[in-house]
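Visitor: Take a look at this one; I'll ask things after.
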Amino acid sequence: MAKINMVAAINQALAQEMERDGDVVVMGEDVGKDGGVFRVTEGLLDRFGPERVMDTPLSELALVGCGVGMAAYGLKPVVEIQFMAFAYEAIEQIYSHATRLRARSRGRFTCPLVVRTPYGIGIKGPELHSESSEALFCHMPGIKVVVPSTPYNAKGLLISAIRDAGPVVFLEPARLYRSIKSEVPEGPFTVPLGRAEVFQEGKSITVIAWGTMLHRAVEASEGFDCEIIDLMTLKPFDEETVLNSVKKTGRAVIVHEATRYCGLGAELAAFLAEEAIMHLKGPVKRVASPDAVVPMAALEDYYVPTAGRIRKAFEEAMKY
Amino acid sequence: MAKINMVAAINQALAQEMERDGDVVVMGEDVGKDGGVFRVTEGLLDRFGPERVMDTPLSELALVGCGVGMAAYGLKPVVEIQFMAFAYEAIEQIYSHATRLRARSRGRFTCPLVVRTPYGIGIKGPELHSESSEALFCHMPGIKVVVPSTPYNAKGLLISAIRDAGPVVFLEPARLYRSIKSEVPEGPFTVPLGRAEVFQEGKSITVIAWGTMLHRAVEASEGFDCEIIDLMTLKPFDEETVLNSVKKTGRAVIVHEATRYCGLGAELAAFLAEEAIMHLKGPVKRVASPDAVVPMAALEDYYVPTAGRIRKAFEEAMKY
Amino acid sequence: MADEIIERFEVRYLQAVDESGNADPILIASVSDEEIKRSFESIILTRTFNQRALSLQREGRIGTYASVFGQEASQVGSALALEKDDWVFPSFRETGVFLTMGYPIWQMFRYWAGDERGMKIPPGLNILPMSVPVGTQIPHAAGAAWAMKIKGRRAAAVCYFGDGGSSRGDFHEGLNMAGVFNLPAVFICQNNQWAISVPRRSQSAAKTIAQRAFSYGFDGVQVDGNDAVGVYVATKAALEKAKNKGGPTLIECFTYRLDDHTTSDDASRYRSKEEVEEWKGREPLIRLRLLMRKMGLWTGEYEKAAIEKARALVDRAIEEEEAYPPPKPEDIILYTNAELTPRQFKELKEFGWRK
Amino acid sequence: MADEIIERFEVRYLQAVDESGNADPILIASVSDEEIKRSFESIILTRTFNQRALSLQREGRIGTYASVFGQEASQVGSALALEKDDWVFPSFRETGVFLTMGYPIWQMFRYWAGDERGMKIPPGLNILPMSVPVGTQIPHAAGAAWAMKIKGRRAAAVCYFGDGGSSRGDFHEGLNMAGVFNLPAVFICQNNQWAISVPRRSQSAAKTIAQRAFSYGFDGVQVDGNDAVGVYVATKAALEKAKNKGGPTLIECFTYRLDDHTTSDDASRYRSKEEVEEWKGREPLIRLRLLMRKMGLWTGEYEKAAIEKARALVDRAIEEEEAYPPPKPEDIILYTNAELTPRQFKELKEFGWRK
Ligand SMILES: Cc1ncc(C[n+]2csc(CCOP(=O)(O)OP(=O)(O)O)c2C)c(N)n1
Ligand SMILES: Cc1ncc(C[n+]2csc(CCOP(=O)(O)OP(=O)(O)O)c2C)c(N)n1
Ligand SMILES: [Mg+2]
Ligand SMILES: [Mg+2]
């Protein structure tokens, strides 16, 4: 099996699903001729033509809004938002329409739409190029939110997302696009949505993370006996895998890039406070970004959890 | 002191702040001649004229976006969004600009903007007239989120919000607009932001709620010895009041209208799981709406927490 | 160096039948007697439904309702031009469109009673559930039109919205997409001159809404929206154009909302009786009656029969609607996703909605 | 009945100085020699900054940078028309505007090095931090103009954005507000014919962006954006109009982005060398030089001196910038709110940023 990076893995997923299903179309700013600013869609225009790979005007609201209309009509649009922050204009289309179309029409219309976007820190880009606001989308009923952490699961999860019957927000950690490679089968395969994975087994602390922070947590775990869970699907998350691990270890540390207040870590910790409190030896720790605006490049490494901050949380967890 | 309802209390707050400070202006759809669809802004146009009370086109993005520009220039705009769901188009303006202007300009420009909107169930209106998506705003650094539960604190909190140096999302529970009256001083006064209030003292269970659900929790608490906290400011919430109460009671139940997943209840429970776990006798309970699209009027009473569902949580909490 | 004119635009106004019932011979030429009768009867049906909905609301039997009184020609005239494969993207004030398309009347009542099942569109009818957030359905129509183009279907997407809706970002971005990709879409703005209390002139400083089409590189036309025939002709032409790869059209139907905004509104707070009365004199049925009389298509009995028929239909629908079992709470959860989430599974039990 | 034209529009195109340096005597009449020299020198300064920024980026001394090469006339020409009390709302590609307004050069470098302090605008300079989300600054400008009107100030708000920005909902809603309230705003679209890889013709099917003003009931004009004098004249007129209660103007500067979109981009993937070369022949300095020579304002020494002066300024700024202490991590928290939240208080300690 070839070792490839995440950009190549996502590109494969898109190409193979477009090959397999003529209803899959790709649209976004610069996704065609330019192949996407991260080259994720490279080659798709040549292969599938401008009717299925569409370079669009600079209109995020309409990108998602048109996606909803296409999906209702029977296509399976994969919309690329160039950076996560630029999806904010489209939140109404996602929240008031994409997530509700099935419920509002009692199943007559559905919205099999994928909104892909790079997210998180990592490229030292300009302002608003480092967002990790996944919690906003996780709060919306009727949608799935997915974050891959390796080339392998990027491909498998994206294929599942495209085949899913409802809308999926698919967040691609920009820092991981080219920084890791893994073995990825050449043909199409799926990694199921809604399932987490024990990325590293351990006995003393359950660590829950996803995307970039998964790897940082692994790095920080040296010297601790951590069981590290790659959440992968953030909404709905895999309660069983999380619970089983915490029952075993009795300690939980959640690591995420987003600001702490009302981040997904809150939901995970609240879940544990409700369902696992009798198994917990000590406090559920969240290692997250501060209650502050995401800084520009010069300070962004101080903003997101560092290995040091994560280790400190492990140490504190081990006090109990 | 006169007993007035929340509509009158908010109207007083607006009128008195406009009287006091010529930079306070009110804008929105139908806020002028019509006095607002809930009549909250009634009389303001006559009193302060069309330069300070502005009926605008149907453009929520621009309502907030123009508000940001006005605030940067030195006004104190109070923008009315007719119903909470219609603020979704403006989320980018709130999240990428209003909340960040101070940080981005290192204090040169600020954004003393208030976005008022009715929220929650209660009027049996059409679709998307019953949203309670406060958690989305709570996740944004650089903003305050406020929900009054009585006419008294509606007036005092709104005056504080208008005088605040930064942006405030001010959510008015539509169900409470006219359903309760309280004594409200005629002149201007403030209720501080960031402080919760013990609405009802008790020894066995700490109940945290706000807006409409505060009253429902009170109703459900009959027969239980509940300490009920009116959170009032949802972001940043008053950690001290919450913690002190839970240390005393050892039990916590959070009640909110919003869907449970990544709701504000998650942040509160996670806070307790981290800071109070050694004081908790049992699980932290959240009573919230299901992981489902807000239904239309016929089913909305089944969606939000009922007194029965709240009582059940109290009973379960008391098992420990 | 230069100071020159590089582009010119003209806004066209269409009226096929004037207030006295005189028809423009060219414009009406392609319209059959049958079509004119169908307009008349559909307006009667719409009006009958509308009146009953208003009374049911007053009696507390349905919730807030948005009357279409005054705007029936815009809705019926345009809907009659639709073909089976066209898709429609309505706002919340499109009763006339739904009914003209043959939507089950009892479901319309169900919807206004606050029940999602009212918008479970029957198979074969291509209309989306009414969009409540103003203007947000516009990009959906562009998207469906795009899908039609991609799939090579001979069909068009038709979107309805109001003058208020034309101020939203969705309008701009949606129409711009339609222009760039030359999509088979028809955008119908019912300019009823009010967005709740905000008059048309305060909605935009532009003289017409039709002229906004120039921003997107396609045609815009203003039509007398109280002239069912004119609206029909304009819509039909736009649909034809769309299906022949001619791209989108923006049609502004200049009409008037004769009732309150909804049953929760009191329009007397912001507009004069005189204005309303003046427009009542221009309501669409009057001129259609005059036209049809001239054409020998109208008699008192004919109208009476049409009214009776409409009443019977609406009465039966109300009976059906009210006999329909109430929605089940578990539906709240069941229809959100294709499959239940773990949390939903628990919730169904917790709330006692499933064993 | 009617089928008539009810409104007509014309799109005006302005060029004060053509590519051979010939001036339109009427258009240039109000422009002083001093102003022409300032344009020239400001373009030189902008270009010097720009070249240095590109090298610093290559050397890893600053981050991603967006070149303004080719667009200097649009930026400098318009910025020279500003008065002290006017406010400016820029996008991320407005180096020429900042520098012409006298913005501290070292701060510009700081900003591109990823430091918020680079956008801590000095008191007295009324320009907002660059807006990165495309088009989102447009409603801010409308809002500031509105505030000027409410406060009775004689001033205008000027907003800069690109051809891509004109596709956003913010553009539509912002300009519509400006039209309805007749605000003292000037909207300057630098149509540089590309939005990263998307060419202008794929951004909109409309022939010009200027014509979009008709949608909002005010004037739009297209100007040769490589003609600093033309841009200056058009902006000055729009500002005058705005300050005399004449309402907003949309100015489309037709120009060209000669470099890659940013230093992260590779424009050769999507456009031809020939196209770029052709436009290089039209870059703004050439014609200004020709004009000034004809007017007796230009000599080789003059230009050399201007370049030297610009270099010295930029060199000093880079020294200043690089000697500046790095930002403190605690600033991340300190500048978010006016007062610390309880959580922030704890975080400062937890992260070791405060005792
Ligand atoms: C985005 C949004 N903002 C506000 C509202 C509240 N509202 C409902 S209808 C309406 C006016 C709509 O005017 P128009 O588009 O002209 O349609 P009409 O009601 O005249 O048919 C308003 C403000 C809404 N439903 N959606
Ligand atoms: C809302 C938003 N979407 C996407 C981007 C990514 N992006 C940055 S610049 C750009 C193109 C902008 O084109 P234009 O408005 O013409 O300005 P120009 O770059 O040509 O100056 C894009 C797509 C962004 N910054 N903001
Ligand atoms: Mg209207
Ligand atoms: Mg451009």
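Residue numbers (the numbering used here), protein chains in the order written: chain A, 1 to 320; chain B, 321 to 640; chain C, 641 to 995; chain D, 996 to 1350. Backbone N, C-alpha and C fix where the C-beta goes; we use that ideal spot for every residue, glycine too. If you're wondering where the values come from, they're calculated on a predicted model, not measured in any experiment.
(1) Residues with a Cβ closer than 5 Å to any heavy atom of ligand 2, in chain order?
(2) For residue 833 of chain C, would you say it is in contact with chain D, using Cβ-to-Cβ distances shorter than 8 Å as the test?
(3) Determine, using beta carbons only, whether residue 1136 of chain D comes closer than 8 Å to chain B.
(4) Using CA atoms only, rank isn't needed, just tell me which of C/785, C/829, C/930, C/959 is closest to residue 884 of chain C.
(5) In this structure, does DSSP put residue 232 of chain A in helix, strand or coil?
(6) Considering only heavy atoms of ligand 5, does any lie closer than 7 Å to the CB of residue 808 of chain C?
(7) Please name the residues in the region 285-297 of chain A whose beta-carbon is closer than 8 Å to at least one beta-carbon of chain E, in chain order.
(8) Any chance you could list the alpha helix (DSSP H) runs of at least 4 consecutive residues sitting entirely within the region 505-567 of chain B, in chain order?
(9) Which value, in whole angstroms, describes the spacing of the CA atoms of residue 846 of chain C and residue 1217 of chain D?
(10) How far does the beta strand (DSSP E) with residue 1135 of chain D in it extend, from its first residue to its last?
(11) Indicate, with yes or no, if ligand 3 has a heavy atom lying under 7 Å from the CB of residue 852 of chain C.
(12) Spatial neighbours of residue 1121 of chain D within its chain, please: CB distance less than 6 Å, with the 5 preceding and 5 following residues excluded, ordered by chain position.
(13) Since residue 68 of chain A meets chain C, which of its residues come closer than 8 Å, beta carbon to beta carbon?
(14) Are the Cβ atoms of residue 414 of chain B and residue 348 of chain B separated by less than 8 Å?
(15) Listing by chain order, which chain D residues have their CB less than 7 Å from the CB of residue 59 of chain A?
(16) For the pair the region 203-211 of chain A and the region 96-112 of chain A, tell me if three or more CB-CB distances fall below 8 Å.
(17) By the criterion of Cβ-Cβ separation under 8 Å, what are the contact partners of residue 62 of chain A in chain C?
(18) Less than 7 Å between the CB of residue 897 of chain C and some heavy atom of ligand 3, yes or no?
(19) Around the Cβ of residue 637 of chain B, are there at least 16 other Cβ atoms within 10 angstroms (buried) or fewer (exposed)?
(20) Would you list, in sequence order, the uninterrupted alpha helix (DSSP H) runs of no fewer than 4 residues that lie entirely inside the region 242-300 of chain A?
(21) Need the endpoints of the alpha helix (DSSP H) that residue 820 of chain C sits in, please.
(22) Any heavy atom of ligand 1 closer than 7 Å to the beta-carbon of residue 1078 of chain D?
(23) Does DSSP classify residue 1020 of chain D as helix, strand or coil?
(24) Could you pull the DSSP bridge partners for residue 55 of chain A from this structure?
(25) Would DSSP call residue 802 of chain C helix, strand or coil?
(26) Expressed to the nearest angstrom, what Euclidean distance is found between the alpha-carbon atoms of residue 1091 of chain D and residue 1037 of chain D?
(27) Mind checking who residue 437 of chain B pairs with in its DSSP beta bridge?
(28) Would you call the region 295-302 of chain A and the region 233-241 of chain A in contact, with 3 or more CB pairs under 8 Å?
(29) Which same chain residues end up closer than 8 Å to residue 97 of chain A when comparing Cβ atoms and leaving out the 5 residues on each side of it in sequence?
(30) With 8 Å as the threshold, decide whether the Cβ of residue 837 of chain C is near any Cβ in chain B.
(31) Does any CB atom of chain C fall closer than 8 Å to the CB of residue 415 of chain B?
(32) Suppose only complete runs of 3+ residues qualify. What are the beta strand (DSSP E) ranges in the region 810-888 of chain C, listed by chain order?
(33) Would you say the beta carbon of residue 815 of chain C is closer than 7 Å to some non-hydrogen atom of ligand 1?
(34) Within the continuous alpha helix (DSSP H) that includes residue 155 of chain A, where are the two ends?
(35) CB-CB under 6 Å to residue 1356 of chain D, same chain, minus the five flanking residues each way: which ones, in chain order?
(36) Would residue 276 of chain A be called buried (16 or more neighbouring beta carbons within 10 Å of its own) or exposed?
Guide: The answer reads as follows:
(1) A/29, A/82, A/86, D/1088, D/1128, D/1129, D/1157, D/1158, D/1159, D/1160, D/1187, D/1190, D/1191
(2) no
(3) yes
(4) C/785
(5) coil
(6) The ligand content of the structure shown is limited to ligand 1, ligand 2, ligand 3 and ligand 4, which means ligand 5 is not among them.
(7) Absent from the structure is chain E; the protein chains it does hold are A, B, C and D.
(8) 531-540
(9) 19 Å
(10) From DSSP, residue 1135 of chain D is part of no beta strand (DSSP E) but of the alpha helix (DSSP H) over 1133-1146.
(11) no
(12) 1082
(13) 779, 780, 783
(14) no
(15) 1162, 1163
(16) no
(17) 779, 782, 810, 813, 814, 816, 817
(18) yes
(19) buried
(20) 264-275
(21) 809-820
(22) no
(23) helix
(24) A/28
(25) strand
(26) 8 Å
(27) B/491
(28) no
(29) 65, 68, 111
(30) yes
(31) no
(32) 825-831, 859-864
(33) no
(34) 151-163
(35) Residue 1356 of chain D cannot be examined here, being either before or after the span of chain D that is shown, 996 to 1350.
(36) buried
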